[in-house]
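A.B. asks:
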Amino acid sequence: MPGGSATARGEQRAEGSAGGAAVGESLPLDQWRGFALLLVLVSHGFYFTGRVSGIGRVGVNLFFFISGLLVYRSLVRSSAPDFTGRAIGFWKSRIRRLYPALLGYLILGIPLTFLLQDIPTAAPDGRLADYLHTLPRAMAYGMNFAAAPVPAALHHLWSLSTEVQFYLLGPLIFWAGGTALSRRRWVWGTLLGVLMAIGMAQPRFGELVKYYFQFSVWPMMLGFVAEAARPQFETFCRVVAKPALVLSVFALLLSMGLMMLGTKAKVVVIAIGAAMIFPCYCAYVAGIAIEGPFGRLLTWLGSRTYSIYLWQQPFTLCGYLPPVMHPVGAILACGVGAVSFRWLEAPFMRRRGGRAVGAAGVGAKTATAEREIPAAAGR
Numbered sequence: 022m023p024g025g026s027a028t029a030r031g032e033q034r035a036e037g038s039a040g041g042a043a044v045g046e047s048l049p050l051d052q053w054r055g056f057a058l059l060l061v062l063v064s065h066g067f068y069f070t071g072r073v074s075g076i077g078r079v080g081v082n083l084f085f086f087i088s089g090l091l092v093y094r095s096l097v098r099s100s101a102p103d104f105t106g107r108a109i110g111f112w113k114s115r116i117r118r119l120y121p122a123l124l125g126y127l128i129l130g131i132p133l134t135f136l137l138q139d140i141p142t143a144a145p146d147g148r149l150a151d152y153l154h155t156l157p158r159a160m161a162y163g164m165n166f167a168a169a170p171v172p173a174a175l176h177h178l179w180s181l182s183t184e185v186q187f188y189l190l191g192p193l194i195f196w197a198g199g200t201a202l203s204r205r206r207w208v209w210g211t212l213l214g215v216l217m218a219i220g221m222a223q224p225r226f227g228e229l230v231k232y233y234f235q236f237s238v239w240p241m242m243l244g245f246v247a248e249a250a251r252p253q254f255e256t257f258c259r260v261v262a263k264p265a266l267v268l269s270v271f272a273l274l275l276s277m278g279l280m281m282l283g284t285k286a287k288v289v290v291i292a293i294g295a296a297m298i299f300p301c302y303c304a305y306v307a308g309i310a311i312e313g314p315f316g317r318l319l320t321w322l323g324s325r326t327y328s329i330y331l332w333q334q335p336f337t338l339c340g341y342l343p344p345v346m347h348p349v350g351a352i353l354a355c356g357v358g359a360v361s362f363r364w365l366e367a368p369f370m371r372r373r374g375g376r377a378v379g380a381a382g383v384g385a386k387t388a389t390a391e392r393e394i395p396a397a398a399g400r
C-alpha cells in the first residue's frame, strides 16, 4: 500500500475533525492537565513531609505527553501552504501564547525576591543576586541545563524549558517524517525509541542530569507519535478506555502507598505513574470526561495550568511560607495563577478569525493552536 496516500487520508480525517470534534477532544485533555497539575501541587505542597517523592514527576510527564500530542495536532491542522509557513506560524504562536505570562512572572519575581530573601525559612540560593544571575537563562528557556545551585523561584522552569525546546524542534521533526507512512514510522519511531531508551537510562547518570532535554523529553515525543497514529488506535482505545481508567485509579493508589516509603521508592512511583499516559490517551480518543463538581474543577485547573504552575513555586518550595503552610500556599497559587491567566494569557489566545477567547470559554473548547498547547508543566 502506498504510504503517502494512507498518511494523507489520516491527515484529512484529523483536519476534518478539527471543528466539530474540538469540544469533545478538548474537555478530556483539559481535565487530564488539571489532574497533572494537582499531582504537582500535592508534590510541592507536601514536599516537606518527605512522603510525596516522584508524584510531581508523574504530573510533569503527563503534561509533556499532552503537549507532544497537541504539537502534532497543531502542525497537521495548519492551513499554511508549505513547511516554512507552517513552522513560522507555529513558532510565532508559541511565543505569543507563552512569553507574556513567563515575563510577568520573572519581572514580578524581582521585587518579590528582594522583599522575602531574608525570611528564615527561605530556600538556599534565594538571594536577589542569585535570582538576577540566573534570570537571563530563565528568559531564554534554558533552565533544564542550568548547573546547580539554582534559585528555588526559577528551578521549576526546567520543565517549561524542555517543552519550549521541543516546540522549537517539533516542526523540524514533522518535516523529517515526510508524507509517506513508511518514512514516518521509521523516522519518528526511531527517534521515539532512542529518546525512551535515554530516558530509562537516566538513573545511571545521576540526579544532576535528570532535567536535561535528552533525558526528560520522551513523553512529548510519545505524545507526538501517538497523535500521528491515532487513526490506527481509535477503535482499540474506545473499547479499552473505561477499563484503563479503572486501572489508572489502582495505579494511583499504589503510587500513593509507595510514596510513604520516601525517596527510596521514587523511581518505582515514577515508573508506575508513566503508565497513566495510556488511560489519558484512551480518554482523549474516546472523548471520556468526568462530570460533576470534580470534573469542573479539573477543567478549570486544566485551562489555567501554565500560570498556576508558574506561581505555585513562591507559595511552596521557595520557603516564603512556613512548611506546614505550603499546602495552603498551593491553593493560594491557584488564585494568583487565575489572575495571571486572565491578564497575561487569555488576551493572547485567538481563534482563527482573530476573535479573542475569553476566560469563561477557554475551558470548554480547544479550537486552534493558540489554545491547544499551553506549556505546562506545564505545564
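Counting from 22, one number per residue, gives the positions in the sequence shown under the numbering used here. Virtual Cβ for every residue (Gly too), placed ideally from N, Cα, C.
Got a sec? Which residues, its chain only, sit under 7 Å from A143 by beta carbon, not counting five neighbours each side?
C.D. replies: These residues qualify, in order along the chain: L137, C339, G340, Y341.
A.B. asks: Count the other CB atoms within 10 Å of the CB of G278; is the residue buried (16 or more) or exposed (fewer)?
C.D. replies: Flag for G278 reads exposed.
A.B. asks: Going by Cα to Cα distance, which pick from A201, W207, L212, W179 is closest to L190?
C.D. replies: Ranking A201, W207, L212, W179 by Cα distance to L190 puts L212 first.
A.B. asks: What alpha helix (DSSP H) runs, 4 residues minimum, are completely inside the region 280–343?
C.D. replies: Fully enclosed alpha helix (DSSP H) runs of 4 or longer: 287–295, 298–307, 313–323, 326–336.
A.B. asks: According to the neighbour-count rule (16 or more other Cβ atoms, all chains shown, within 10 Å of its Cβ), is W53 buried or exposed?
C.D. replies: When all chains shown are included, W53 counts as buried.
A.B. asks: How is the alpha helix (DSSP H) around Q223 delimited, first residue to last?
C.D. replies: It is not in any alpha helix (DSSP H) - Q223 carries neither H nor E in the DSSP assignment.
A.B. asks: Tell me, to the nearest whole angstrom, how far the beta carbon of Y302 is from that of E366; I am working on the premise that it is less than 8 Å.
C.D. replies: No, Y302 and E366 are not in contact; Cβ-Cβ is about 26 Å, not under 8 Å.
A.B. asks: Enumerated in chain order, which unbroken segments of the alpha helix (DSSP H) with a length of 4 residues or greater are wholly contained in the region 233–276?
C.D. replies: List check, alpha helix (DSSP H) in window: 234–237, 239–249.
A.B. asks: Please specify which runs of the beta strand (DSSP E), each continuous and at least 3 residues long, are wholly inside the region 136–217, giving them in chain order.
C.D. replies: Qualifying beta strand (DSSP E) stretches: none in this window.
A.B. asks: Please report the distance separating the alpha-carbon of A377 from that of P121.
C.D. replies: Note that A377 scores 44 on pLDDT, short of 50, meaning its location in the model is unreliable; the coordinates nonetheless yield the value given after this. Those two C-alpha atoms are separated by around 16 Å.
A.B. asks: How many angstroms separate the CA atom of M409 from the CA atom of V171?
C.D. replies: As shown, the chain starts at 22 and ends at 400. That puts residue 409 outside it, with no answer to give.
A.B. asks: How many angstroms separate the CA atom of H347 from the CA atom of A359?
C.D. replies: Straight-line Cα distance between these residues: approximately 18 Å.
A.B. asks: Quick test of your reading: F104 and W196, contact by CB under 8 Å. State the CB separation rounded to the nearest angstrom.
C.D. replies: About 5 Å; that satisfies the 8 Å criterion.
A.B. asks: For A169, count neighbouring C-beta atoms within 10 Å of its own C-beta (all shown protein chains included) and say buried if the count is 16 or more, exposed if not.
C.D. replies: By the 10 Å Cβ count, A169 comes out exposed.
A.B. asks: Measuring alpha carbon to alpha carbon, tell me which residue in E312, L243, V290 is nearest F299.
C.D. replies: For F299, the nearest C-alpha among the options comes from L243.
A.B. asks: Which whole-angstrom value is the C-beta distance of W179 and Y232, which I expect to be below 8 Å?
C.D. replies: 4 Å between Cβ atoms; contact.
A.B. asks: From the DSSP output, in three-state form, read off V73 for me.
C.D. replies: Three-state result, V73: coil.
A.B. asks: Hey, would you say T183 sits closer than 8 Å to F234, going by beta carbons?
C.D. replies: Against a cut-off of 8 Å, the Cβ pair of F234 and T183 comes out as a contact.
A.B. asks: Grouping DSSP H, G and I as helix and E and B as strand, with all else coil, what is F369?
C.D. replies: In this structure, F369 counts as helix in the three-state DSSP scheme.
A.B. asks: Would you report the Cα separation of G71 and N165, rounded to the nearest angstrom?
C.D. replies: Computed Cα separation, rounded: 24 Å.
A.B. asks: How would you label A332, buried or exposed, when you count the other beta carbons within 10 angstroms and need 16 or more for buried?
C.D. replies: Checking the sequence, you will find Trp at residue 332 rather than Ala. Label assigned to W332: buried.
A.B. asks: Skipping 5 residues on each side, what residues in its chain have a beta carbon closer than 8 Å to that of P343?
C.D. replies: T142, listed in sequence order.
A.B. asks: What is the rounded straight-line gap between the Cα of W209 and the Cα of P240?
C.D. replies: Rounded to the nearest angstrom, the two C-alpha atoms are 13 Å apart.
A.B. asks: Rounded to whole angstroms, what's the CA-CA distance from T337 to D146? Just pull it up for me.
C.D. replies: Their Cα atoms are separated by approximately 15 Å.
A.B. asks: Count the other C-beta atoms from every protein chain shown that fall within 10 angstroms of the C-beta of G55, then say buried if there are 16 or more, exposed otherwise.
C.D. replies: Buried is the call here.
A.B. asks: Select from I293, Y330, G350 the residue whose C-alpha is nearest the C-alpha of V270.
C.D. replies: The residue with the shortest Cα to Cα distance from V270 is I293.
A.B. asks: Quick one: is Q253 buried, meaning 16 or more other Cβ sit within 10 Å of its Cβ, or exposed?
C.D. replies: When all chains shown are included, Q253 counts as exposed.
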